[in-house]
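Asker: Right, I'll just put the structure down here and ask away after.
Numbering (my numbering), first residue to last: 17 to 428.
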């Protein structure tokens, strides 16, 4: 082969790689906006000015393109974890990981790079791709836990560090839901306030873990509607918004699709109803905790403990807030997001009251409330972890990640 032919082949390879990367970036945007089930070759092609035939030159099927987009997301996490791992101690490594993530979002905001695909939509993938991605994520999570938090010598320490790593990961995933309220020039302050919460938690020195046994009425009288909401909530939590089809929901209840539409006009209506139901249930718990607690710390621990317990052990968990990110924009923008923010603001109010009276550490109430909401929602994914620990220990260990921080011992 001549030198000129080698140069030509090299340029062709570079052009192929650049185009392939552009396609993956476009697919990531499509997944974030439409969900992995809503992403199509036609939509991706429009974003990069290529027809469907041209796209198949790079990816034979859209599922393989989605897999590449999710792999890109995990590659970026892996890179940040390994960079953070160069720091000398655990606090510094967690701080570096948060800083690198916020720097990434600042670059996205400045349009210097494209956002990666949200990994929550992996749930909607089918086998064998789902298996490959799940295996990759399991290995990556283990690497993150061991790199940032260190190796362990006991089962209790392993359980605690798993919870801490899971809470950190989920809060990083949830950043896009509230970070737009802050200018990029405020990101260094956001970093400091987040690290402050993960470092020392919300509990002042010598604060005890004594959640009250709240008697909260779920307040649902329509048994038929309740069954649909229970089944749909579990499926959406397990498979994501796009993965939980009407057919799957109906099959779970062993009813026809017609029975579904007897209760609701469309699946978007169902997701909104699931969220409204979750909102009402959280609101009842918050109100009961405020009424029963002697101070804000008592109210916060009581509400947090009960909501975590429901995510771990109830057959009717709360709808995970990550499901909201895949809702169509016209549905997501209105009452769903408004009510989600209202839940967080009520927690922020409890925290602010506690800071004022001295029962809660001085933290940023709005940021702390988003961390708490994300942590409660993520508990659903640790159900098997919680079953191994048992009801009492699981709640204490998991709740300690935010209430006592990553670097203080959990409450007895």
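Idealized CB from N, CA, C, for every residue including glycine. Just so it is clear, the structure is predicted and the values come from calculations on it, not from any experiment.
(1) Straight-line CA distance for residue 304 to residue 331?
(2) If we ignore side chains and look at the alpha-carbon of each, how far apart do residue 294 and residue 233 end up?
(3) For residue 155, count the other beta carbons within 10 Å of its own beta carbon; 16 or more makes it buried, fewer makes it exposed. Which is it?
(4) Under DSSP, the alpha helix (DSSP H) around residue 193 begins and ends at which residues?
(5) Would you be able to state if there are at least three C-beta pairs under 8 Å between the region 207–215 and the region 380–395?
(6) Only counting the same chain, and skipping five residues up and downstream in sequence, which positions put a Cβ closer than 6 Å to that of residue 411?
(7) With DSSP collapsed to three states, give me the class of residue 405.
(8) Go to residue 92, then tell me how far its alpha helix (DSSP H) extends in each direction, as first and last residue.
(9) In the DSSP assignment, find the unbroken alpha helix (DSSP H) run with residue 386 in it and report its ends.
(10) Looking at residue 182 and residue 133, is the spacing between their C-beta atoms short of 9 Å?
(11) Could you give the DSSP three-state label for residue 375: helix, strand or coil?
(12) Going along the chain, which residues of its own chain have a beta-carbon closer than 6 Å to the beta-carbon of residue 46, five neighbours each way excluded?
(13) Need the endpoints of the alpha helix (DSSP H) that residue 204 sits in, please.
(14) Could you tell me if residue 196 is buried or exposed, where buried requires 16 or more neighbouring beta carbons within 10 angstroms of its beta carbon?
(15) Determine the closest residue to residue 417 out of 398, 255, 176 and 188, with distance taken between C-alpha atoms.
(16) In whole angstroms, give me the CA-to-CA distance for residue 364 and residue 218.
(17) Give me the Cβ distance between residue 100 and residue 164, rounded to the nearest whole Å; I'm assuming they're in contact under 8 Å.
(18) How far does the alpha helix (DSSP H) with residue 322 in it extend, from its first residue to its last?
Answerer: In terms of the structure at hand:
(1) 21 Å
(2) 13 Å
(3) exposed
(4) 171–194 is the span of the alpha helix (DSSP H), which, as asked, contains residue 193.
(5) yes
(6) 321, 324 and 325
(7) Three-state DSSP puts residue 405 in a helix.
(8) 78–100
(9) 381–394
(10) no
(11) coil
(12) Excluding sequence neighbours, residue 46 sits near 55, 59 and 60.
(13) 203–216
(14) exposed
(15) 176
(16) Their Cα atoms are separated by approximately 12 Å.
(17) 6 Å
(18) 312–329
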